[in-house]
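Residue numbers (our numbering): 7 to 437.
Ideal Cβ positions, reconstructed from N, Cα and C, are used throughout, including at glycine.
Just so it is clear, the structure is predicted and the values come from calculations on it, not from any experiment.
Notes follow once the structure below has been shown.
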């Protein structure tokens with residue numbers, strides 16, 4: 007009797023069309039921006055920025071994302087999921103990466119962060135491209151595959167470590183940003199070449215033909231009413247906002263606290279996200295897959311929040327040192343394990359919950375407003391965490407711990423099961 011394949015392996019081998027194109031090009035992120043992200047904040051510090059300026063830049067980026075997120079639905083409907091993804095990826099990554107590569111002071115970073123916020127447009131269009139032509143029941147598996155592809159990209163992290171050890175932090179990061187610009191250009195061209203417009207995308211393009219963007223935006227109040235009327239969508243928004251705020255703080259200051267407070271050398275910084283991603287990958291094929299079965303989404307969400315909280319509190323408890331000790335690395339290893347589980351669960355569920363609750367006929371505009379609201383809530387946490395880090399580099403993680411506690415309470419008391427598709431949705435959606 008043939009051995010049964012793991013459900014995620016089965017889902018991967020059965021991916022077709024846009025799902026395959028999106029998942030298969032995702033590892034290129036690991037050869038581009040993912041190589042730079044572990045060094046982004048310490049690179050800014052090396053060029054003379056302080057913690058408060060870094061936090062301010064994080065908030066500016068979120069505000070830029072908020073504006074982009076607001077118009078992303080109208081743009082995605084009018085120009086199509088495929089073209090919108092290609093053009094906005096070029097603006098959001100190819101151009102800013104070159105600015106970061108040659109940055110000299112705070113103002114260069116401010117300009118790049120503002121332009122980079124356009125990635126929320128491509129995030130909306132890319133999400134629609136990814137899931138609109140797949141059965142609803144497979145949406146969580148598709149997002150799991152995206153997370154796995156992103157985690158696999160972390161295997162390229164030693165490239166960054168080698169460059170930093172050979173050429174020094176600043177020069178190596180400049181090289182990595184130039185590389186990121188070219189690889190992201192190749193990524194968007196490949197995705198455009200091997201994808202097609204979705205069925206809903208063709209319908210929405212036809213419906214918005216001859217309609218100006220201003221007129222399309224005028225229809226947003228009706229979409230807001232759809233969101234407010236859906237308790238499930240509101241709950242999904244809350245979980246997304248908490249995850250987004252915690253992710254913002256961690257992506258900005260995790261490497262700073264490890265490098266500047268715990269004494270981990272520059273060259274080792276990219277190995278931490280690599281290990282976290284590999285652990286997340288392992289957990290995805292074992293514990294996370296079992297926990298995120300459709301009938302266990304509530305307990306999975308709570309489990310992800312609780313474990314993520316444990317990782318944040320453990321990070322705060324590690325003794326400060328001028329040079330990292332064996333105990334430091336051991337405690338950081340446990341932090342990475344806890345973070346890998348927490349982020350693995352919450353990434354997949356925060357995206358899936360919104361996708362499962364959203365009215366499919368208004369997916370792009372609902373998700374645009376959803377992202378705008380999430381950015382609006384998350385944006386202040388960049389500046390707040392920078393202000394806190396300037397006083398004590400552990401305090402931003404006490405802030406994230408508080409947010410995660412709020413998420414645990416919300417998931418425990420206000421959980422809403424996913425809605426069944428309406429009759430109109432059933433006519434338009436596969437399987």
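Consult DSSP for residue 66 and reduce its assignment to one of helix, strand or coil.
-> helix
Run through DSSP, which three-state label would residue 54 get?
-> coil
Determine the burial state of residue 419: buried for a count of at least 16 other Cβ atoms within 10 Å of its Cβ, exposed for fewer.
-> exposed
Residue from 216, 77, 56, 311 whose Cα sits closest to the Cα of residue 373 | 77
Contacting residues, own chain, Cβ-Cβ under 8 Å from residue 417 (five flanking each side not counted) = 245, 304, 307, 308, 311
Quick one: what's got a C-beta closer than 7 Å to residue 182's C-beta in the same chain, skipping five residues either side?
-> 41, 42, 166, 169
By how many angstroms is the C-alpha of residue 257 removed from the C-alpha of residue 406?
-> 12 Å
Please decide whether residue 152 counts as near chain B, where near means a Cβ-Cβ distance under 8 Å.
-> In summary, chain B is missing from the structure at hand, where a single protein chain is found.
Would you please state the rounded distance, in angstroms, between the beta carbons of residue 87 and residue 207? I believe it to be under 8 Å.
-> 4 Å
Exposed unless 16 or more other CB atoms sit within 10 angstroms - verdict on residue 155 = buried
Please report how far the alpha carbon of residue 160 lies from the alpha carbon of residue 277, in whole angstroms.
-> 9 Å
Ordered along the chain, which non-local residues of its own chain (more than five positions away) have a Cβ less than 8 Å from that of residue 383?
-> 247, 250, 251
Taking only the alpha-carbon atoms, compute the straight-line gap between residue 349 and residue 55 and give it to the nearest angstrom.
-> 28 Å
Roughly how many angstroms lie between the CA atoms of residue 28 and residue 399, to the nearest whole one?
-> 37 Å
Per-residue burial, residue 432 [other beta carbons within 10 Å of its own, 16 or more giving buried] | Low local confidence applies: a pLDDT of 45 at residue 432 is under 50, so the model's placement there is unreliable, and no value is given.
Tell whether a beta-carbon distance below 8 Å holds between residue 270 and residue 264.
-> yes
With hydrogens ignored, establish whether the beta-carbon of residue 338 is closer than 7 Å to any heavy atom of the ligand PLP.
-> As far as ligands go, the structure on display features none, and thus does not contain the ligand PLP.
Would you decide whether residue 24 is buried or exposed? Buried here means 16 or more other CB atoms lie within 10 Å of its CB.
-> buried
Could you check if residue 215 is buried or exposed, using at least 16 other CB atoms within 10 Å of its CB as the buried criterion?
-> exposed
Could you tell me the boundaries of the alpha helix (DSSP H) in which residue 35 lies?
-> Neither: residue 35 is in no alpha helix (DSSP H) and is coded neither H nor E.
Would you give the residue range spanned by the alpha helix (DSSP H) that residue 314 belongs to?
-> 303 to 323
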